[in-house]
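Chains as they are written, first to last, in this note's numbering: chain A, 15 to 491; chain W, 652 to 1008.
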């Protein structure tokens, strides 16, 4: 008993500590709201014409004047005369770490190039990167550190990984006058009551699912559908979009697994129910490992449905695993952007050249497109703020209304002004997963592929095109 | 092992026996009603139970020798699987790309693919053992005589450090294990059985037989003596440091084997190492507690019980998620553990301590 007690006491103690930490939802945001002084009236921002002269830097703004001299630009936190500090609250060790670590690495390359070309408004951009481990309390702790008005404070977030994580900071973003680009495509970000200071890039999970289901049903003459998703803003936003499309198309939902998939759990219940329902198509809103478990398990038990899912469900590196041939046969990848080398545009060439120059040994990946577009959007809004003469946090938030980003073919161009129905992105991209187009172990310097063949894109189906945005598709109870 | 005396005035004993009887009746019914699914579920649960048992055995070996619950077992499992992947897929171990590469010469010798794979795995297990030895020497041995809670927290810190190292430095992403049995298998009616199920069961059997005989060797007896009373063992001239080192080395090998099978069905379908592999050790923890922290046979039985409960609950309660919640398979191992501990507070095969009153 002595040994048992000695063994169990630490376990129980640690469990209690973990439970206590996990249950603490209090946000320790910066208590001192930034005091903005000398901020110019952003409503009178001048009409802008040409981008600043940054010949080799990624250039995406279509309407920004040259910034005023550095001394005339108002600043508060995260900006000095020499540097601009940009934050990334990113999942570097959690369930999306394989994707997010690459995206962060790509952003580092992007900003290195920007800095080589003079930075923004004469200042070098420094990245403050913290790991949220896909854990909401950790995300909140990181947020508090970066929203700080001291040395660790940032001007804005060029990445905030996770839907529930970003949602947990949404109110604080408004309170702290901070802007954040979510690595999340929750439909609620376009709703000012949810995501006032959240600068969503590309389309949403919900609209992506509508496009995906419409395409998949048409391509496979489907009459039945199964839906599997994580619980929460990510999983259930995608599942809601899939159900909306199913209803519009008259598809019977023979397995409704909205929120039924718990990460880390044995997926036997979901696989059993899915196989018994035997749908023609399946829409998944999962992560790659869980998708592999359910897709592989269901396939092994004889389910031959055609599958697709929201973008984060798939990782092309699954093609190197035992799941590769199965995915090649049954999976269609849906996503928000062009993929590595799939098109020949200025933006794509900039990504490829930039990664080869700055990180030649980096693993070949499509995630660098997200890195670049996150960077382009961040750069555009910061340059707009500089052009407005106001690089305070509030000035950056205000600049969002003036900015228009040309992603140079990497993704649909975007603005964030007006009503959500005017600016939400409805297009997505659909790719056939093709194992023959996959180059295992390739780096960005190689002429390899990530295992995709473009089917449609930018693609918008009738359902998404006619969708009237009245708010988030899914709101957690 | 102390004999179990049932006392039906104890509610926990009534619950335990009722669940056992209910389980038997249910099993007979399902066996008659749908034998294909029942048999495939049984094989799947034995496979998962075997994986848990291998991991539990690693916990037990270390605990028996050092009285420390090794919370870094999950990360060691992941890194052990990573060693295997390097050896069989890349045919070298880049330590870790920083200093030099250690070539795996086995594939250059030629021979049947399964044999080269097996030998390469054995080499990788040697590296896993070395990792265990290094951890013991650098982080555990200096703590001899210090509070066990502090040592347990050190292993928790090691878990975070090792996982961070694997994620950030090695950047593990679906590194293939190239297991010779692949994802293949066979169908029994409408059920499917992977070959990996049998591989897990066979390896678990070999591991337990090896440990059984090890405990009867000279070093094994020394380890049991240390487990019983460290001071008395030292007085008899037993080298405690050596015993600790062997326990950690063997524990790391078992963790690596657990990591290998954590990439295979029924745990994973990818056959590849990813960061989530490390979490499987925490899924095995209820099996360790249920079987008894200091019991080898407890690790086996605990692993099989927990694996069986998890898979059967997943299979046969899948239509009840409306009220059970979709994540109920996560809870099942802990539920079984609690019931088991209520009946036998020191675990099914754990050593009860006799106190003088």
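Yeah, the Cβ is synthetic: ideal placement off N, Cα and C, and Gly gets one too. This one's a predicted model, so the numbers in the text were calculated from it and none came from an experiment.
It is roughly 47 Å from the alpha-carbon of residue 353 of chain A to the alpha-carbon of residue 987 of chain W. For residue 923 of chain W, the neighbours in chain A by C-beta distance under 9 Å run, in chain order, 306, 331, 332, 334, 335, 336 and 337. Taken in chain order, the whole alpha helix (DSSP H) runs of length 4 or more contained in the stretch 682 to 718 of chain W are 686 to 717.
In this structure the stretch 188 to 196 of chain A does not touch the stretch 430 to 439 of chain A; the number of beta carbon pairs closer than 8 Å is below three. In its chain, beyond the 5 residues on either side, 706, 724, 725 and 728 have a beta carbon closer than 6 Å to the beta carbon of residue 932 of chain W. Contact of residue 256 of chain A with chain W by beta-carbon distance below 9 Å is absent, the smallest such distance being about 17 Å. For residue 470 of chain A, the beta-bridge partners assigned by DSSP are A:444.
Straight-line measurement puts the Cα of residue 172 of chain A at about 9 Å from the Cα of residue 213 of chain A.
With respect to the C-alpha of residue 712 of chain W, the residue from W:875, W:892, W:938 and W:923 having the closest C-alpha is W:875.
C-alpha of residue 413 of chain A to C-alpha of residue 120 of chain A: approximately 25 Å in a straight line. At a C-beta separation below 8 Å, residue 303 of chain A has these neighbours in chain W: 919, 921, 925 and 927. Just measuring C-alpha positions, the residue of W:855, W:880 and W:774 sitting nearest residue 699 of chain W is W:855.
Around residue 259 of chain A, the same chain offers 224, 227, 228 and 477 as residues with beta carbons nearer than 6 Å, after the five sequence neighbours per side are excluded.
DSSP places residue 198 of chain A outside both helix and strand once states are collapsed to three, so it counts as coil. Neighbours of residue 980 of chain W in chain A, taken as residues whose beta carbon is under 9 Å from its own, are 276, 279, 280, 281, 282 and 283 in chain order. In the DSSP assignment, residue 946 of chain W falls outside any alpha helix (DSSP H), carrying neither H nor E. Distance from the CA of residue 843 of chain W to the CA of residue 743 of chain W, rounded to the nearest whole angstrom, comes to 35 Å. Under the 9 Å criterion on CB atoms, residue 343 of chain A is classed as non-interfacial with respect to chain W. DSSP places residue 736 of chain W in the uninterrupted alpha helix (DSSP H) bounded by 724 to 736.
When only Cα atoms are considered, residue 410 of chain A and residue 401 of chain A end up about 11 Å apart. Positions of the alpha helix (DSSP H) runs, each at least 4 residues long and wholly inside the stretch 906 to 972 of chain W, are given as 931 to 942 and 947 to 967 in order along the chain. DSSP lists A:295 as the beta-bridge partner residues of residue 320 of chain A. Leaving aside the five residues that flank residue 488 of chain A on each side, the residues in its chain whose CB is nearer than 6 Å to its CB run, in chain order, 250, 251 and 254. In this structure, the beta-carbon distance from residue 308 of chain A to residue 332 of chain A does not fall below 9 Å. Contact between residue 421 of chain A and residue 445 of chain A does not hold, since their C-beta atoms are separated by about 18 Å, which reaches or exceeds 8 Å. Straight through space, the alpha carbons of residue 788 of chain W and residue 270 of chain A are spaced by roughly 52 Å.
Rounded to the nearest whole angstrom, the CA to CA distance from residue 722 of chain W to residue 777 of chain W is 21 Å. When the beta-carbon positions are compared, residue 910 of chain W and residue 830 of chain W stay at least 9 Å from each other.
Of all residues in the stretch 960 to 971 of chain W, the ones placed with a Cβ closer than 8 Å to any Cβ belonging to chain A are 961, 962, 965, 966, 968, 969 and 970, in chain order.
In this structure, DSSP gives residue 979 of chain W a helical state, which the three-state scheme calls helix. Fully contained in the stretch 115 to 181 of chain A are the following beta strand (DSSP E) runs of length 3 or more, in chain order: 138 to 145 and 170 to 175. Excluding its 5 nearest sequence neighbours in each direction, residue 839 of chain W has C-beta neighbours in its own chain below 8 Å: 687, 690 and 691, listed in chain order. Taking C-alpha positions only, residue 796 of chain W is separated from residue 784 of chain W by approximately 19 Å. Around the beta carbon of residue 679 of chain W, fewer than 16 other beta carbons sit within 10 angstroms, so the residue counts as exposed. Residue 805 of chain W and residue 790 of chain W do touch by the CB rule: their CB atoms are close to 6 Å apart, below 8 Å.
Linking residue 136 of chain A to residue 397 of chain A through their CA atoms gives a straight-line distance of about 11 Å.
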